[in-house]
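S.K.:
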Amino acid sequence: MRKIRIALLITLFIGLGTIPLGIIGAVFAKTEFVTPNYEPVDWQSGLAGDVEMPVFDPEVDYSYYSAESGLAMATPPVGTMVYDWYVNAISGSPWMTLRAIGDFVEVWVQDDLSFPAGDPRNAEPWRWQITDDMAEYLADEFDNTIYATLAGYYGAPFDRDGTGTIFQALGWPSFRWDWIETTDPDNPQRVILKIINYRDDNYYDPTYPSYVAGFYSSDYTWYYYNRNMVHLDSWEWCERLGPEGLSWLPEHPEIVVDRPNLYESTLAHEFQHLIHSDRLPGDDTYMNEACSLYAEPLCGYELDAGQIEWFMATPDNSLTEWGDQGDINILADYGAAFLWALYLTDHYGTTFMGDYVKNMNPGMDGINALLAPYGVDYYDVFRDWTIANLLNGDGLYGYDSIDLDELDTDMRVYEISKSKFPWTSSEKFGKTYTHATTYAPDGYDTGIRELNPFGTDYIALTGITGENYILFDGDDLAKYPFEWDYEGDEGWHTKKGDLMNILLAGEAYVDPLDPTLSLNTYWEIEEYWDFGFVQVSTDDGETWTTLANDYTVPYYDYHALHKMVDILPGLTGHSGAPVEMEFDLNAYAGQNVLIGFRYMTDWGTFENGWYIYEASVSGASVDLEDVPKEADFMVTILKTDGVDYEVTELSLSDMDETGTFFDDIAGDEDIILIISAAMEYGTVDYKFTNKL
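In the numbering used here, the protein residues as written are 1142 to 1833.
1) Just to confirm, is the Cβ distance from TRP1376 to TYR1352 under 7 angstroms?
2) Leaving out five residues before and five after LYS1171 in sequence, what residues of the same chain have Cβ atoms less than 6 angstroms from its Cβ?
3) What residue from TYR1580, GLU1547, TRP1564, TYR1585 has the CA that sits closest to GLY1615's CA?
4) What would DSSP say about VAL1498, mapped onto helix, strand or coil?
5) Going by CA-CA distance only, name the one from PRO1653, ASN1690, TRP1670, GLU1771 that's closest to GLU1683.
6) Pairing CB atoms from the stretch 1788-1808 with CB atoms from the stretch 1748-1756, are three or more of them under 8 angstroms?
7) Just the Cα atoms here: how many angstroms apart are THR1693 and VAL1763?
8) Can you name the residues that DSSP bridges to ASP1750?
9) Can you give me the C-alpha to C-alpha distance between LEU1279 and PRO1394, rounded to a whole angstrom?
10) Going by DSSP in three states, ARG1739 sits in which element: helix, strand or coil?
11) What distance in whole Å lies between the Cβ atoms of THR1575 and GLY1584, which are believed to be in contact at a cut-off of 8 angstroms?
12) Taking TRP1378 as the reference, give the member of LEU1814, GLU1405, TRP1625 with the closest Cα.
13) Assuming the contact rule is C-beta atoms closer than 8 angstroms, GLY1745 and TRP1670 should be a hit. Round their C-beta distance to whole Å, please.
14) Compute the Euclidean distance between the alpha carbons of GLY1760 and TRP1625, then round it to the nearest angstrom.
15) Alpha carbon to alpha carbon, what distance is there between LEU1537 and TRP1526?
16) SER1566 bridges to which residues according to DSSP?
17) What residue ranges within the stretch 1526-1563 form continuous beta strand (DSSP E) runs of no fewer than 3 residues, ordered along the chain?
18) Pick out the complete alpha helix (DSSP H) segments inside the stretch 1252-1334, 4 residues or longer, and give them in chain order.
19) Counting only the same chain and skipping the five closest in sequence on each side, list residues whose C-beta sits under 6 angstroms from that of LEU1545.
20) Taking contact to mean 3 or more Cβ pairs, one atom from each stretch, closer than 8 angstroms, check whether the stretch 1239-1253 and the stretch 1262-1280 are in contact.
21) Mapping the DSSP letters down to three states, classify PRO1181 as helix, strand or coil.
22) DSSP three-state call for HIS1715: helix, strand or coil?
23) Check this for me: beta carbons of THR1216 and THR1306, under 7 angstroms apart or not?
24) Which partner residues does TRP1744 have in the DSSP bridge list?
25) Find out if the Cβ-Cβ distance for the pair TYR1610, LEU1833 is shorter than 7 angstroms.
26) By alpha-carbon positions, which one of LYS1828, LEU1779, MET1820 ends up nearest to ILE1806?
27) Given a cut-off of 7 angstroms, decide if GLU1667 and GLU1787 are closer than it, judged by their beta-carbon atoms.
28) Looking only at its chain, what residues have a beta carbon closer than 8 angstroms to the beta carbon of ASP1518, apart from the 5 residues adjacent to it on each side?
29) Give me the residue from LEU1793, VAL1651, SER1558 with the minimum Cα distance to VAL1776.
30) Going by DSSP, which residues form a beta bridge with ALA1646?
31) Which class does ALA1167 belong to by DSSP, given the choice of helix, strand or coil?
32) Helix, strand or coil for LEU1212? Go by DSSP, reduced to three states.
33) Assign TYR1580 to one of two classes, buried (16 or more other C-beta atoms within 10 Å of its C-beta) or exposed (fewer than that).
34) Do you know offhand how far LEU1640's Cα is from HIS1715's?
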């Protein structure tokens, strides 16, 4: 594992560290077990296999635990043992002990950190031992480095005092929840840090190569405990906590820290997720992860270079669509997000990521608001970022805080060496393969060939000289896996799926004598998380305005996706039966408009969806059809002799995504095409040629 130091230009941050992220690999011999060097991974990465996130079940009877703790709504003293619902849910043994108290944190450790009976790791208990010194050190590190840095940079999490928990509301005995409540006058909302032996594939299988190092759950913080809370795993703190070479165990002086500050950096990463959940709920995943990745070097911890190298090997991996190339290439998502954060802070102020969170304006709109004083927007910066990732040059085409030349992996660039080449598409280059690993020297096949949103291909044309025309032709429409289905007498139906954004629309004339939209509809939509929107457009679908009536609501869960919140009100919950409703179109009287029905879901639960049986405007039926996603491209032409370079933005037709580039190319010059998909949804392909 190679680590890199990120030279952030902020003077208050100190320390060393790493949060390496692993990839599935070896199968270890079981005849004579040798404990693997497990790789820590994010719990949502898919690299830890099946992970257990227990959901509260009010029907479970825990009455056989009857001892009262009598903590009386105060922060208990170190050494207090308490009952905890979550620890019981994952292990069947509910007891935790408070091992350290800081100004901003309580360190609680699961009493039984052992593995299942018969697991060979139980013969080496020092590997999962948490000493008082370790707990006290981490509490001090959290107070003086992590909390001090991140609460100042991103803002402090919201106050929560542990009152009114779901456990208390159900009338459970007070010993099950009174330790959660706090009226400590020094700090009424310390973060609860739980140290547990997390139930992932590695817990049950000692040969599994990776484990969940830590996690944050908004459900546990918001809905169960009403306390700010993060979790860390208990594996090998003696080798992964503190600076390199430190010995934690006097009885094992030969055991020293060789993966320094891993748990400190993990804690910084997860604490940012806690802050982010409060201040930017429903934000795009890639920006949330970018902020958490940036939090690690912000606190002074080194970062594993591997995730950046995975992105450099697959730059067609989407920046904005998390996990677009599957779990097998999820490290590329982390690498892209981290480089994006570095680029923004290098060129648009070291406080950029913090201001983004503090401003509580999520997504592209929030980024554009911060970029506006510089006279650029998201698309301008994304283009410059794609060039910087290739050139690692000066100014906007490079980084201040990292030298990409220090990486072991160069940017993946396809090459065409012919002087004249026919129309060439992504089929020429085949499917994307991940970064090479010990167990897959050629990488893993992602199964992906086309470009996803804000993914980029680099293509070097090394054989062309003299006067050349280069013609580009991108897809007009993006391929999208969801659409409105017409079901005959049953009308139109949305079907089911995660992260849907589909539009059904038709033209209508709004008669001033009857400016009314009449709708016969039925819906079963996840309440306050997913929505159906009734909309109108006066500019042929370029922009849409959401309509309201007695059935639409402006209310939403605080963590609902911002892309839905931004266009409320909408239909949500269950209609119970088909409903005939009307919308007032007086504002559009005398106009030809488009009437649209947009259905959007998040990444979690989805229900049966939305049915449109009949729609009419001014008494005339609206002929509806599913609206496909438009494709958009960004093409940059880079001409270079290996030292100097010229950058040209190729102008593309909005109608058909075509463009032409002409230049006289010297014999020592190459042309590099930088082709990006510049739309929010769907996948696209393209082709290009220099044969007229």
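Virtual Cβ for every residue (Gly too), placed ideally from N, Cα, C.
M.R.: If we stick to the structure as given:
1) Working through the sequence shown from its first residue, we reach residue 1376 at position 235. Working through the sequence shown from its first residue, we reach residue 1352 at position 211. Yes.
2) Within the sequence shown, numbered from 1, the residue matching residue 1171 stands at position 30. Summary for LYS1171: the model assigns pLDDT 35, below 50, so the residue's position carries little reliability; its value from the coordinates is reported in the next sentence. No residues qualify anywhere along the chain.
3) For the purposes of this step, residue 1615 is identified with residue 474 of the sequence shown, where counting begins at 1. It is TRP1564.
4) Locating residue 1498 in the sequence shown gives position 357, where the first residue counts as 1. Three-state result, VAL1498: helix.
5) Residue mapping note: residue 1683 aligns to position 542 of the sequence shown, counting from 1. Taking only the C-alpha atoms, the option nearest GLU1683 is GLU1771.
6) no
7) Here residue 1693 refers to the residue found at position 552 when the sequence shown is read from its first residue. Here residue 1763 refers to the residue found at position 622 when the sequence shown is read from its first residue. So the two alpha carbons sit approximately 21 angstroms from each other.
8) Along the sequence shown, one-based indexing puts residue 1750 at 609. Checking the sequence shown, residue 1750 turns out to be Gly, not Asp. Per DSSP, GLU1665.
9) Start at 1 with the first residue of the sequence shown, and residue 1279 comes out as number 138. Start at 1 with the first residue of the sequence shown, and residue 1394 comes out as number 253. Spanning the two alpha carbons is a distance of roughly 21 angstroms.
10) Along the sequence shown, read from residue 1 onward, the residue named residue 1739 stands at position 598. DSSP places ARG1739 in strand when its eight states are reduced to three.
11) The sequence position of residue 1584 within the sequence shown is 443, counting from 1. The sequence position of residue 1575 within the sequence shown is 434, counting from 1. Contact holds; Cβ gap of about 4 angstroms.
12) Along the sequence shown, read from residue 1 onward, the residue named residue 1378 stands at position 237. Residue GLU1405 is the option with its Cα nearest to TRP1378.
13) Counting from one through the sequence shown, the residue named residue 1745 turns up at place 604. Counting from one through the sequence shown, the residue named residue 1670 turns up at place 529. Correct: roughly 7 angstroms between the Cβ atoms.
14) Translated into positions along the sequence shown, residue 1760 becomes position 619. Translated into positions along the sequence shown, residue 1625 becomes position 484. Rounded to the nearest angstrom, the two C-alpha atoms are 24 angstroms apart.
15) Residue mapping note: residue 1526 aligns to position 385 of the sequence shown, counting from 1. Residue mapping note: residue 1537 aligns to position 396 of the sequence shown, counting from 1. Rounded to whole angstroms, TRP1526 to LEU1537 spans 8 angstroms at the Cα level.
16) Working through the sequence shown from its first residue, we reach residue 1566 at position 425. LYS1828.
17) 1555-1557
18) 1273-1282, 1289-1295, 1307-1310
19) Your numbering for residue 1545 matches position 404 in the sequence shown. Excluding sequence neighbours, LEU1545 sits near ASN1533.
20) yes
21) Working through the sequence shown from its first residue, we reach residue 1181 at position 40. In this structure, PRO1181 counts as strand in the three-state DSSP scheme.
22) The residue you call residue 1715 lines up with position 574 of the sequence shown. Correct three-state label for HIS1715: strand.
23) On the sequence shown, residue 1216 is found 75 positions in, with the first residue counted as 1. On the sequence shown, residue 1306 is found 165 positions in, with the first residue counted as 1. Cβ distance not < 7 angstroms, so THR1216 and THR1306 don't count as in contact.
24) As a first step, residue 1744 is located in the sequence shown; it is residue number 603 there, counting from the start. In the DSSP output, where bridge partners are listed per residue, TRP1744 has none listed.
25) As a working mapping, residue 1610 is identified with position 469 in the sequence shown. As a working mapping, residue 1833 is identified with position 692 in the sequence shown. Yes, they are a contact pair.
26) Mapped onto the sequence shown, residue 1806 falls at position 665. Nearest option by C-alpha distance: LEU1779.
27) Within the sequence shown, numbered from 1, the residue matching residue 1787 stands at position 646. Within the sequence shown, numbered from 1, the residue matching residue 1667 stands at position 526. Not closer than 7 angstroms, so no.
28) Numbered from 1 along the sequence shown, position 377 holds the residue referred to as residue 1518. Around ASP1518: ASN1509, LEU1512.
29) As a position in the sequence shown, residue 1776 is number 635, starting the count at 1. Nearest C-alpha to VAL1776: LEU1793.
30) For the purposes of this step, residue 1646 is taken as residue 505 along the sequence shown, with counting starting at 1. Note: ALA1646 sits in a beta bridge opposite GLY1737, GLU1766.
31) Position 26 of the sequence shown, counting from 1, holds the residue named residue 1167. Because the pLDDT of ALA1167 is 30, which lies under 50, any placement of that residue in the model is unreliable, and the question is left without a value.
32) Reading the sequence shown from its first residue, position 71 is the one you call residue 1212. Confidence at LEU1212 is low in this model, with a pLDDT of 46, below 50, so its placement is unreliable and the value that follows should be read with caution. Three-state DSSP puts LEU1212 in coil, outside helix and strand.
33) The residue labelled residue 1580 in the question sits at position 439 within the sequence shown. Under this definition TYR1580 is an exposed residue.
34) Walking along the sequence shown from the start, residue 1640 turns up at place 499. Walking along the sequence shown from the start, residue 1715 turns up at place 574. Roughly 19 angstroms between the two C-alpha positions.
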